[in-house]
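Chemist: I have a structure here, written as structure tokens, and I will follow up with some questions on it.
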Amino acid sequence: DEDEEPPATGRAAEWTRPSTDLLVEAEAGDITEEDMRATASKIKRTLAEYSVEVEIGQVKPGPTVTMYGLVPGWGGHSSSQGQSNGARGNKRVRVDTILAREKDLALALASPSLRFEAPIPGASLVGIEVPNANPSTVTLRSAMEGDAFTEFEREAALPVALGIATAGEAIFVDLA
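Mapping the sequence shown onto the numbering used here, position 145 (from 1) lands on 186, and the numbers just tick up by one.
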């Protein structure tokens with residue numbers, strides 16, 4: 042057959058990979074911006090009920106959970122004269138104080154389980170992973186079609202997509 046290409050020799054880069062169209066597409070099930078804002082607001086409000094002040098520093102949606110990065114606030118409120126309110130003073134909220142509210146947060150968010158990451162590696166944040174109401178199915182195709190994998194594929198001798206992490210970034214490895 043004249044249309045047939047000769048077999049590739051040498052580096053794997055010379056081999057043409059089959060189209061990702063052969064792989065199953067992931068089913069939709071993402072979390073909306075509105076859902077993320079509502080959950081972030083519930084987290085702040087619930088912790089405030091226990092005098093634990095936090096700000097939402099980042100939100101990272103993933104296929105099955107969304108990570109909310111909390112910035113600990115200040116434990117004391119200043120009085121009208123600008124002085125601290127006694128024993129609590131103006132100290133940062135302790136990470137343990139946030140972690141102690143796990144069950145209260147789970148109840149407020151109607152979630153059977155939460156996962157805390159304190160601190161988030163490389164950031165001064167306390168992470169809370171909240172399960173998404175409509176989780177997305179993770180497929181090999183969804184991990185391979187991202188820009189990060191395409192970039193990695195250019196440099197790797199034998200790139201393999203493994204999946205998508207809880208924060209939504211693709212995970213891959215060079216088997217070579």
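Beta carbons are placed, not taken as given, at the ideal position from N, Cα and C, and that holds for glycine.
This one's a predicted model, so the numbers in the text were calculated from it and none came from an experiment.
Run the CB neighbour count on Leu199, radius 10 Å, all protein chains shown included, and call it buried at 16 or more, exposed below.
Modeler: The residue labelled residue 199 in the question sits at position 158 within the sequence shown. By the 10 Å Cβ count, Leu199 comes out exposed.
Chemist: Is the stretch 184-197 close to the stretch 153-166, with three or more CB pairs under 8 Å?
Modeler: Segments in contact, no.
Chemist: At the level of alpha carbons, what is the spacing between Gly152 and Val65?
Modeler: By one-based count along the sequence shown, residue 152 stands at place 111. By one-based count along the sequence shown, residue 65 stands at place 24. The displayed chain sequence assigns Ser, not Gly, to residue 152. C-alpha separation (whole angstroms): 30 Å.
Chemist: By the three-class DSSP mapping on this structure, what secondary structure does Ala202 have?
Modeler: Indexing the sequence shown from 1 puts residue 202 at position 161. Note: Ala202 maps to strand in three-state DSSP.
Chemist: For Ala147, which residues from the same chain have a beta carbon less than 6 Å from its beta carbon, with the 5 sequence-adjacent residues on both sides left out?
Modeler: Counting from 1 along the sequence shown, the entry for residue 147 is found at position 106. Within the same chain, Ala147 has close Cβ partners Leu155.
Chemist: By how many angstroms is the C-alpha of Asn173 removed from the C-alpha of Thr73?
Modeler: For the purposes of this step, residue 73 is taken as the residue at position 32 of the sequence shown. For the purposes of this step, residue 173 is taken as the residue at position 132 of the sequence shown. When rounded, the distance between both Cα atoms is 10 Å.
Chemist: I need the boundaries of the alpha helix (DSSP H) containing Lys101, first residue and last residue.
Modeler: If you number the sequence shown from 1, residue 101 lands on position 60. From DSSP, Lys101 is part of no alpha helix (DSSP H) but of the beta strand (DSSP E) over 95-102.
Chemist: So is Arg142 buried or exposed if we call it buried at 16+ other beta carbons inside 10 Å?
Modeler: Taking the first residue of the sequence shown as position 1, residue 142 is located at position 101. With 16 or more other Cβ atoms within 10 Å, it is buried.
Chemist: May I ask you to list the residues that DSSP assigns as paired with Asp215?
Modeler: Residue mapping note: residue 215 aligns to position 174 of the sequence shown, counting from 1. Looking at the DSSP assignment, Asp215 forms a beta bridge with Pro200.
Chemist: Any idea what DSSP makes of Ile169, helix, strand or coil?
Modeler: Here residue 169 refers to the residue found at position 128 of the sequence shown. Ile169 falls in the strand class under three-state DSSP.
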